[in-house]
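Enquirer: Residue numbers (our numbering), protein chains in the order written: chain A, 1 to 456; chain B, 1 to 161.
All residues carry an ideal CB built from backbone N, CA and C; glycine is no exception.
Pasting a structure below so you can have a look.
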Amino acid sequence: MPLRRILVANRGEIALRIVRAARSLGMETVLAASVADRDSVAAREADRVVVIGPAAARASYLDARLMVHAAKATGCDGLHPGYGFLSERSSLAALCEQEGIAFVGPSATSIEAVGDKLAARRLAKAAGVMMTPGSAKLESAEDAVAFADAIGYPVVTKASAGGGGRGMVVARDTRSLRDGFARASIEAKEAFGDGTLFVERYVERARHVEVQVVGDGAGRVLHFGERDCSMQRRYQKMVEEAPAVALPVATRARLHKAAVDLLAAINYRNAGTVEFLYDVDRDEFYFMEVNARIQVEHPVSEMITGVDLVQLQLRVAGGEASSFRQSDIAVDGHAIEARILAEDPDRNFAPSPGRITQWLAPRGEGVRIDTAMEVGASVPPFYDSMIAKLIVHAADRPGAVARLRDALEQFQISGLATNLRLLRAIVGHRDFIEGRFDTRWLETVLLPSFVERRDS
Amino acid sequence: MTIIPARDIEALVRTFDVSDWDEMRVVVDGLELYLSKNPADRARLASAPNSAVSSATATDKPPSPSAKSTSKPAAIDVPEGMVVVRAPNLGTFYRAPKPGAPPYVSIGQKVEPETELCLIEVMKLFTSVTSGVGGTVQKILAEDSQLVEFDQPLFLIDPRS
């Protein structure tokens with residue numbers, strides 16, 4: 001039975017995206033909004049709005065019981081959690097199951113199976129998906145050397161008791177590992193009270209790649225190609241693209257298979273993403289984690305496959321037998337997304353809430369904007385700072401880069417500080433144009449010169 | 001009079017929301033902003049319509065994380081001096097402790113600040129709502145067994161009688 005009425009348990013651009021996707025499938029929507037969002041664009045376009053709680057997310061967007069109560073009281077038969085907030089809380093999925101509301105996402109069991117890091121690694125291992133080679137806890141520097149000799153250099157030491165860079169020493173040969181091991185162990189001991197170390201393969205040049213999948217819950221999992229999200233600052237993605245042209249075609253095929261195998265093994269249902277670290281020098285990829293939800297950057301996959309993934313999510317949740325076969329999903333051209341944030345790069349990316357006084361968004365062929373902003377709309381200080389996603393599509397990567405550059409030039413936002421100037425600097429940089437960057441590039445190459453240029 | 005930007009007010013409200021302060025008063029030129037986490041202050045604020053809240057909400061509707069105290073007037077007309085009791089959270093509104101039982105209160109009834117007025121149910125968890133002010137029940141604004149939203153007006157209380 002197709003769903004008839006959906007509760008949208010989210011805000012901002014993704015709430016609006018879900019409202020519109022549902023409407024185009026003939027479904028009604030009820031938006032669960034906080035007080036701060038009762039006048040949002042999504043609230044205007046939804047069939048009904050219920051004010052779920054105060055602006056503070058913990059008493060509104062993070063309360064699963066309020067969401068499910070609102071869904072039942074307004075006669076919804078489905079609930080879409082969007083991304084962030086409650087989207088990967090198995091408790092919400094379980095509550096929906098219990099109350100007979102179709103959760104637009106995986107089962108509670110699946111969310112738990114992939115949500116726990118160790119459980120997810122066990123799954124990956126069982127499915128034959130490679131992880132970063134690493135040792136068990138090590139007794140001595142000699143044990144570390146023996147392990148490193150076996151897997152090859154470079155390697156990195158890691159503290160068994162904690163992270164945050166303490167106890168981490170990168171070693172490129174036997175001697176530096178011997179020297180570094182003692183230093184790292186002392187550092188770990190000081191930081192965590194435990195000097196125990198293990199050693200992992202160090203990926204010199206890493207790209208973040210991920211595979212978009214949708215499962216039918218009965219063991220069939222389709223993939224919609226991969227994305228490259230290496231342009232990050234502090235693990236926050238800023239620019240994403242598809243396909244991941246840095247990977248050889250054969251490697252991409254192996255990547256897709258790994259993602260599909262991993263999730264087919266648990267009869268995964270609805271949209272999900274499997275994230276990998278790609279080692280450029282070795283041409284190998286390692287499993288990182290599964291995101292059991294629709295992701296911010298899903299539009300780039302939509303642009304190259306022509307499939308509306310949010311509509312597909314709603315149809316899968318309604319139990320519709322998918323008419324898709326893998327062979328129906330073809331990749332066409334190249335797409336790039338840039339995240340527009342209400343953050344000020346000149347003030348260490350301080351959030352910059354406020355009211356939009358000017359909003360001139362680019363338009364044209366191959367240009368798409370996913371946003372809930374307009375002139376007069378306010379960016380409340382309570383939530384995430386992303387205000388828009390600018391997505392471009394062209395026949396190939398150079399064409400997409402050019403289109404993105406032009407679109408960013410045209411984009412004008414006033415009333416609050418944004419990262420537009422930084423995005424223009426990224427897209428205009430030779431390394432980006434030529435596709436020569438890794439996950440550390442933005443922080444180590446671009447940002448230092450970007451800040452310097454402003455100061456001079 | 002200086003125009004205070006909405007973002008400044010939002011920042012103040014946010015600061016207050018995450019703090020452990022009970023109340024905060026800011027006076028700048030013609031603007032007086034009073035925030036409180038004490039539900040009983042609703043009475044005081046509503047009975048002084050020319051003071052803090054009305055001027056604060058008149059500026060640029062800052063989102064109010066603690067709408068108990070800074071709630072903007074909703075779509076109802078509140079006669080001068082009357083106090084509105086609002087829903088502390090979304091849920092189902094029940095006027096009686098159980099089906100068939102007499103309602104907690106009826107129109108014209110005298111109430112104390114501690115008097116229970118209704119129940120709000122969320123997924124079978126019931127929370128009682130008290131008046132917060134002494135007076136007489138003038139109006140009941142929500143329908144029994146129906147969904148009420150966060151901050152929705154439920155009762156009108158006349159504190160002078």
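1) Name the chain A residues whose beta carbon is nearer than 7 angstroms to that of Phe-150(B)?
2) Quick check on Glu-190(A): does DSSP put it in helix, strand or coil?
3) Taking CB distances under 9 angstroms as the criterion, tell me whether His-460(A) reaches chain B.
4) If distances are taken between C-alpha atoms only, which option among Ala-73(A), Arg-293(A), Phe-287(A), Gly-364(A) comes closest to Met-123(B)?
5) Would you say Ala-46(A) lies against chain B (beta-carbon separation less than 9 angstroms)?
6) Quick check on DSSP: helix, strand or coil for Val-316(A)?
7) With three or more C-beta pairs closer than 8 angstroms as the rule, is the region 209-223 of chain A touching the region 189-199 of chain A?
8) Identify each residue in the region 355-382 of chain A for which the Cβ-Cβ distance to at least one residue of chain B is less than 8 angstroms, and report them in chain order.
9) Taking buried to mean at least 16 other C-beta atoms within 10 Å of its own C-beta, is Pro-345(A) buried or exposed?
10) Whose Cβ in chain B lies nearer than 8 angstroms to the Cβ of Arg-65(A)?
11) Pick helix, strand or coil for Ser-185(A), following the three-state DSSP scheme.
12) Which whole runs of the beta strand (DSSP E) in the region 311-375 of chain A are 3 residues long or more, in chain order?
13) Would you mind giving the Cβ-Cβ distance between Glu-374(A) and Val-41(A), rounded to the nearest angstrom? I have them listed as a contact below 8 angstroms.
14) Please confirm if Leu-90(B) has its CB atom under 9 angstroms from at least one CB of chain A.
15) Give the DSSP bridge partners of Asp-438(A), in chain order.
16) Using the DSSP secondary-structure output, state which residues sit across from Gly-91(B) in a beta bridge.
17) Please confirm whether Leu-95(A) has its beta-carbon closer than 9 angstroms to some beta-carbon of chain B.
18) Who pairs with Thr-273(A) in a beta bridge, going by DSSP?
19) Please compile the residues from chain A whose C-beta is within a distance smaller than 7 angstroms of the C-beta of Ala-11(B).
20) Should Gln-358(A) and Ile-304(A) be called a contact, given that it needs their Cβ atoms to be closer than 9 angstroms?
21) I need the straight-line Cα distance from Gly-82(A) to His-223(A), nearest angstrom please.
22) What are the start and end residues of each continuous beta strand (DSSP E) run of 3 or more residues lying completely inside the region 219-243 of chain A, in chain order?
23) For a quick check, are the C-beta atoms of Phe-349(A) and Asn-419(A) less than 9 angstroms apart?
24) State yes or no: is the beta carbon of Ser-60(A) nearer than 9 angstroms to at least one beta carbon in chain B?
25) The alpha helix (DSSP H) that contains Lys-117(A), what's its start and end?
26) Could you name the residues of chain B that Thr-74(A) contacts, counting a contact when the two beta carbons are closer than 8 angstroms?
27) Any Cβ of chain A within less than 9 angstroms of the Cβ of Asp-17(B)?
28) State yes or no: is the beta carbon of Pro-448(A) nearer than 9 angstroms to at least one beta carbon in chain B?
29) Closest Cβ-Cβ distance between Arg-14(B) and chain A: below 9 angstroms?
30) Just to check my reading of the structure: Pro-167(B) and Val-83(B) have Cβ atoms closer than 8 angstroms, yes? What is that Cβ distance to the nearest angstrom?
31) What do you get for Met-1(A), buried or exposed, if any count of 16 or more other CB atoms within 10 angstroms of its CB means buried?
32) Secondary structure at Met-67(A), three-state DSSP: helix, strand or coil?
33) Rounded to whole angstroms, what is the Cα-Cα separation between Trp-21(B) and Leu-447(A)?
34) Closer than 8 angstroms is the cut-off here; do at least three beta carbon pairs connect the region 358-368 of chain A with the region 387-394 of chain A?
35) Counting only Cβ pairs nearer than 7 angstroms, list the residues of chain B close to Pro-398(A).
36) Considering Ile-153(B), what are the terminal residues of the beta strand (DSSP E) in which it resides?
Expert: Put simply:
1) Taking the first residue of the second sequence as 1, we reach residue 150(B) at position 150. Those within 7 angstroms of Phe-150(B) in chain A are Val-35, Val-51, Ile-52, Gly-53, Pro-54.
2) On the first sequence, position 190 is the one that residue 190(A) refers to. In this structure, Glu-190(A) counts as helix in the three-state DSSP scheme.
3) Only positions 1 to 456 of chain A appear in this structure, which leaves residue 460(A) out of reach.
4) Along the second sequence, one-based indexing puts residue 123(B) at 123. Nearest C-alpha to Met-123(B): Ala-73(A).
5) Position 46 of the first sequence, counted from the start, is the residue given in the question as residue 46(A). Taking Cβ atoms only, chain B never reaches closer than 9 angstroms to Ala-46(A), which makes this a no.
6) Against the first sequence, residue 316(A) aligns to sequence position 316. Three-state result, Val-316(A): helix.
7) no
8) Arg-355, Ser-378, Pro-380, Pro-381, Phe-382
9) Walking along the first sequence from the start, residue 345(A) turns up at place 345. Burial call: buried.
10) Within the first sequence, numbered from 1, the residue matching residue 65(A) stands at position 65. Those within 8 angstroms of Arg-65(A) in chain B are Val-122, Met-123, Leu-125.
11) Here residue 185(A) refers to the residue found at position 185 of the first sequence. Three-state result, Ser-185(A): helix.
12) 334-341, 358-360, 367-371
13) Numbered from 1 along the first sequence, position 374 holds the residue referred to as residue 374(A). Numbered from 1 along the first sequence, position 41 holds the residue referred to as residue 41(A). 6 angstroms between Cβ atoms; contact.
14) Counted from its first residue, the second sequence places residue 90(B) at position 90. Yes, Leu-90(B) counts as interfacial toward chain A.
15) As a working mapping, residue 438(A) is identified with position 438 in the first sequence. None; Asp-438(A) has no bridge partner.
16) Taking the second sequence and counting its residues from 1, one reaches residue 91(B) at position 91. In the DSSP output, where bridge partners are listed per residue, Gly-91(B) has Val-148(B).
17) By 1-based counting over the first sequence, the position of residue 95(A) is 95. So, interface residue.
18) What you label residue 273(A) is simply residue 273 of the first sequence in a count that begins at 1. Paired residue(s): Gln-212(A), Asn-291(A).
19) The residue labelled residue 11(B) in the question sits at position 11 within the second sequence. Residues of chain A passing the Cβ test: Pro-381.
20) Here residue 358(A) is taken as the residue at index 358 of the first sequence, counted from 1. Here residue 304(A) is taken as the residue at index 304 of the first sequence, counted from 1. No, the Cβ-Cβ distance between Gln-358(A) and Ile-304(A) is not below 9 angstroms.
21) Locating residue 82(A) in the first sequence gives position 82, where the first residue counts as 1. Locating residue 223(A) in the first sequence gives position 223, where the first residue counts as 1. Approximately 20 angstroms between the Cα atoms of the pair.
22) 221-233, 236-242
23) The count along the first sequence starts at 1 and reaches residue 349(A) at position 349. The count along the first sequence starts at 1 and reaches residue 419(A) at position 419. In this structure, Asn-419(A) lies closer than 9 angstroms to Phe-349(A) by Cβ.
24) Here the question's residue 60(A) lines up with position 60 in the first sequence. So yes, Ser-60(A) belongs to the interface.
25) As a first step, residue 117(A) must be located in the first sequence, where it is residue number 117. Element bounds for Lys-117(A): 117-126.
26) Here residue 74(A) refers to the residue found at position 74 when the first sequence is read from its first residue. In chain order: Leu-147.
27) Here the question's residue 17(B) lines up with position 17 in the second sequence. Closer than 9 angstroms to some Cβ of chain A, the Cβ of Asp-17(B) qualifies, so yes.
28) Residue mapping note: residue 448(A) aligns to position 448 of the first sequence, counting from 1. No, Pro-448(A) lies away from the interface with chain B (no Cβ there is under 9 angstroms from its Cβ).
29) Looking up residue 14(B) in the second sequence gives position 14. Chain A, which has a Cβ nearer than 9 angstroms to the Cβ of Arg-14(B), makes this yes.
30) Outside the shown range of chain B (1 to 161) lies residue 167(B), about which nothing can therefore be said.
31) As a first step, residue 1(A) must be located in the first sequence, where it is residue number 1. Exposed, by the Cβ-count rule.
32) Numbered from 1 along the first sequence, position 67 holds the residue referred to as residue 67(A). Three-state result, Met-67(A): helix.
33) Taking the second sequence and counting its residues from 1, one reaches residue 21(B) at position 21. Taking the first sequence and counting its residues from 1, one reaches residue 447(A) at position 447. Their backbone Cα atoms lie some 39 angstroms apart in a straight line.
34) yes
35) Position 398 of the first sequence, counted from the start, is the residue given in the question as residue 398(A). Within 7 angstroms Cβ-Cβ: nothing; Pro-398(A) doesn't reach chain B, min ~40 angstroms.
36) Locating residue 153(B) in the second sequence gives position 153, where the first residue counts as 1. Residue identity differs from the one stated: residue 153(B) is Pro in this sequence, not Ile. Where Pro-153(B) is concerned, the enclosing beta strand (DSSP E) stretches over 153-158.
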